[in-house]
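Numbering (the numbering used here), first residue to last: 2 to 384.
For glycine and all other residues, C-beta sits at the position ideal for the given N, C-alpha and C.
I have placed the structure first, in the form of structure tokens, so that the comments after it can refer back to it.
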Amino acid sequence: MRHVLLVRYGEVFLKGANRPHFLKVLTDNVKKAVKPIGGHVWISDSRIYVSDFNDLDACVDRVSKVFGVYSVSPAVELNKDFEEIAAACVEMMKPYSGTFKVQGKRSDKKFPMNSMEIAMEIGGRVLEANPNLKVDVHTPQHRLMVEIRDMAYICVEEIKAVGGMPMGTGGKAALLLSGGIDSPVAGYQLMKRGVKLCAIHFQSPPYTGELAKDKVLQLAKKLAYYSGGMRVYMVPFTKCQLEIHEKCPEELGTLITRRFMMRIAERLAKDFGALALITGESLGQVASQTMEALTCTDAVVDMPVFRPLIGLDKTEIMDIAVRIDTYDTSILPYEDCCTVFTPRHPVTKPKVETMPKVEEKLDVEALVSEAVERTEVVIVDAE
Ligand code: ATP
Ligand code: MG
2 MRHVLLVRYG
12 EVFLKGANRP
22 HFLKVLTDNV
32 KKAVKPIGGH
42 VWISDSRIYV
52 SDFNDLDACV
62 DRVSKVFGVY
72 SVSPAVELNK
82 DFEEIAAACV
92 EMMKPYSGTF
102 KVQGKRSDKK
112 FPMNSMEIAM
122 EIGGRVLEAN
132 PNLKVDVHTP
142 QHRLMVEIRD
152 MAYICVEEIK
162 AVGGMPMGTG
172 GKAALLLSGG
182 IDSPVAGYQL
192 MKRGVKLCAI
202 HFQSPPYTGE
212 LAKDKVLQLA
222 KKLAYYSGGM
232 RVYMVPFTKC
242 QLEIHEKCPE
252 ELGTLITRRF
262 MMRIAERLAK
272 DFGALALITG
282 ESLGQVASQT
292 MEALTCTDAV
302 VDMPVFRPLI
312 GLDKTEIMDI
322 AVRIDTYDTS
332 ILPYEDCCTV
342 FTPRHPVTKP
352 KVETMPKVEE
362 KLDVEALVSE
372 AVERTEVVIV
382 DAE
């Protein structure tokens, strides 16, 4: 007998010819996740198992954050000997009270009892040993699962995991990562669909300081926990912002700034091999996030721009930020480059066809290439 973690994955992505590839990526990602705490990972009979970990709670935490994993259960692995199984079930149910049900599952048809018989017999023994339990087959508080596969597995707790698609199966994208609440959440939403991210951050020293930079790296680290590391591009943006401030109408400042961010981000994204950009915009949240403004922002790039938060309210975004543990870092009060030259009366319905004229006084290409060339790359690891 030994303790293992039983890992369930979704079935949605497992149809068709891609199944072996998805499963291989998922199993490798579970291996990477448990590596720091020691753990042997294998796949058998539509389940992934982890054994030989040195800390169960840490193992649960790590594996339940692997995208593609739907739930995990701390389980006991046993020989397919009924007496041994029944005794272990009695032991496992000792701390519980209330209602329960035994759910038998026999995949190995050579086992002498069928699923129903297993459930009945074990249910009886558990009841006899624990007077605090009652059977309820319809809405039990606890479900004792007894599965007869290549070995026997029993478990009672099922912990919900992140779900989604295995990291790396959705391609690559570049996240425009500010220090705010929204962009880390936007990145998370795409990571959940299996997309490998790099992050791009625009900084404007001396208007933005070291603390603001550290904050962004801290956020990148939180996201990197899910992906096993992340490349962060730190773009020097002061010169672009000063030129825009000096040469363009104040009320269009934010919008033109956003257009420069997109142009620079697209080039860096190509360097990373990404096929799309991701931002944390939500429709109508601020002047630069109206439909007209977003049209002006998108007009300067050819890559698709994913905005997974476009239809969410701020409170909904904040809830996700709390859940993925980026919120407390995001609300630390440091300047972001966007708050440096905020116009008093930003335009909310800009016309995309007037933009090139507005940018005429700027040497767009020179500013963009210089920012790209002077960009620093920081590799953030997951630990
Ligand atoms: P966030 O909470 O993500 O900062 P926001 O509501 O403050 O978003 P804006 O400041 O208009 O909105 O920025 C919109 C999006 O542009 C951000 O979600 C982010 O993707 C990107 N962005 C803004 N500032 C930066 C920056 N300094 N570096 C990288 N990306 C940025
Ligand atoms: Mg912001």
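Nonlocal neighbours in the same chain, by C-beta distance under 6 Å from His346, ignoring five residues either side: Numbered from 1 along the sequence shown, position 345 holds the residue referred to as residue 346. Cβ neighbours of His346 beyond the five flanking positions: Glu252.
Under the three-state DSSP convention, the category Pro37 falls into: As a first step, residue 37 must be located in the sequence shown, where it is residue number 36. For Pro37, the secondary structure class from DSSP, reduced to helix, strand or coil, is helix.
Between the C-alpha atoms of Cys60 and Pro37, what's the straight-line distance to the nearest angstrom? Along the sequence shown, read from residue 1 onward, the residue named residue 60 stands at position 59. Along the sequence shown, read from residue 1 onward, the residue named residue 37 stands at position 36. If I take the Cα positions, the gap works out to 10 Å.
Of all the beta strand (DSSP E) runs that stay within the bounds of the segment 215-303, which reach a length of 3 or more residues? Fully contained in the segment 215-303 are the following beta strand (DSSP E) runs of length 3 or more, in chain order: 231-237.
Taking all protein chains shown into account, decide if Val51 is buried (16 or more other Cβ within 10 angstroms of its Cβ) or exposed. Numbered from 1 along the sequence shown, position 50 holds the residue referred to as residue 51. With a threshold of 16 other beta carbon atoms within 10 Å, Val51 meets it and is buried.
Would the beta-carbon of Thr298 be found less than 6 Å away from any heavy atom of the ligand ATP? One-based indexing of the sequence shown puts residue 298 at position 297. No, the Cβ of Thr298 stays beyond 6 Å of every heavy atom of the ligand ATP.
Can you tell me whether Thr100 is helix, strand or coil according to DSSP? Sequence index remark: in the sequence shown, residue 100 carries index 99 (1-based). Annotated three-state conformation of Thr100 is strand, per DSSP.
I want to check one thing, is the minimum distance from the CB of Glu282 to the heavy atoms of the ligand ATP below 6 Å? As a first step, residue 282 must be located in the sequence shown, where it is residue number 281. For Glu282, the shortest C-beta to heavy atom distance toward the ligand ATP is below 6 Å.
Compare the beta carbon distance of Val256 and Pro351 with 7 Å and say whether it is the shorter of the two. Within the sequence shown, the letter at position 255 stands for residue 256. Within the sequence shown, the letter at position 350 stands for residue 351. The residue asked about is misnamed: residue 256 is Leu in this sequence, not Val. The criterion of a C-beta distance shorter than 7 Å is satisfied by Leu256 and Pro351.
Using 6 Å as the cut-off, classify the Cβ of Ile149 as near or not near the heavy atoms of the ligand ATP, replying yes or no. Here residue 149 refers to the residue found at position 148 when the sequence shown is read from its first residue. False, no ligand heavy atom lies under 6 Å from that Cβ.
So, under 8 Å CB-CB, Asp326 and Lys223 are touching, yes? Tell me the CB distance rounded to an integer number of Å. Counting from 1 along the sequence shown, the entry for residue 326 is found at position 325. Counting from 1 along the sequence shown, the entry for residue 223 is found at position 222. In this structure Asp326 is in contact with Lys223, their Cβ atoms being roughly 6 Å apart against a cut-off of 8 Å.
Cα-Cα, which of Gly230, Ala187, Glu360 and Lys25 is closest to Thr258? Within the sequence shown, the letter at position 257 stands for residue 258. Out of Gly230, Ala187, Glu360 and Lys25, Glu360 has the C-alpha closest to the C-alpha of Thr258.
To which residues does DSSP link Val163 through a beta bridge? Position 162 of the sequence shown, counted from the start, is the residue given in the question as residue 163. The partner list for Val163 (beta bridge, DSSP) is empty, contrary to what the question assumes.
Residue span of the alpha helix (DSSP H) that contains Pro75, given as start and end: Locating residue 75 in the sequence shown gives position 74, where the first residue counts as 1. Where Pro75 is concerned, there is no enclosing alpha helix (DSSP H), although the beta strand (DSSP E) it sits in stretches over Val70 to Leu79.
If Ile279 sits next to Ala175, beta carbons under 8 Å apart, how far is it from one beta carbon to the other, in whole angstroms? Within the sequence shown, residue 279 is the residue found at index 278, counting from 1. Within the sequence shown, residue 175 is the residue found at index 174, counting from 1. Confirmed, about 7 Å.
On the premise that Asp137 lies in contact with Lys102, defined as a C-beta separation below 8 Å, what is that separation, rounded to the nearest angstrom? On the sequence shown, residue 102 is found 101 positions in, with the first residue counted as 1. On the sequence shown, residue 137 is found 136 positions in, with the first residue counted as 1. Correct: roughly 6 Å between the Cβ atoms.
Return the Cβ separation of Tyr208 and Glu377 in integer angstroms, given the expectation that the two are a contact with Cβ distance under 8 Å. Here the question's residue 208 lines up with position 207 in the sequence shown. Here the question's residue 377 lines up with position 376 in the sequence shown. The C-beta distance from Tyr208 to Glu377 rounds to 18 Å, too long to fall under 8 Å, and the pair is not in contact.
Presumed contact (8 Å Cβ cut-off) between Leu276 and Met304, rounded CB distance: For the purposes of this step, residue 276 is identified with residue 275 of the sequence shown, where counting begins at 1. For the purposes of this step, residue 304 is identified with residue 303 of the sequence shown, where counting begins at 1. Taking 8 Å as the upper bound for CB-CB distance, Leu276 and Met304 are in contact here, some 7 Å apart.
Quick test of the definition: if touching needs 3 or more C-beta pairs under 8 Å, does the segment 185-203 touch the segment 106-123? Contact between the segment 185-203 and the segment 106-123 is not established, with fewer than three Cβ pairs separated by less than 8 Å.
Burial state of Gly40, where buried means 16 or more other Cβ atoms lie within 10 Å: As a position in the sequence shown, residue 40 is number 39, starting the count at 1. Gly40 should be labelled buried.
What three-state label does DSSP hand Tyr328 in the structure shown? Here residue 328 corresponds to residue number 327 of the sequence shown, with the count starting at 1. Residue state, collapsed to three classes: helix.
Of the listed residues Pro96, Lys271 and Gly181, nearest to Glu158 (C-alpha basis): As a first step, residue 158 is located in the sequence shown; it is residue number 157 there, counting from the start. Considering only alpha carbons, the answer is Pro96.
Strictly by DSSP, which residues pair up with Glu148? In the sequence shown, residue 148 corresponds to position 147, counting from 1. Glu148 is bridged to Lys106 and Tyr154.
Inter-residue Cα distance where the pair is Ala200 and Gly105: Within the sequence shown, residue 200 is the residue found at index 199, counting from 1. Within the sequence shown, residue 105 is the residue found at index 104, counting from 1. Distance between the alpha carbons of Ala200 and Gly105: 47 Å.
CA-CA distance, Lys173 and Pro334? If you number the sequence shown from 1, residue 173 lands on position 172. If you number the sequence shown from 1, residue 334 lands on position 333. Taking the straight line from one Cα to the other gives about 31 Å.
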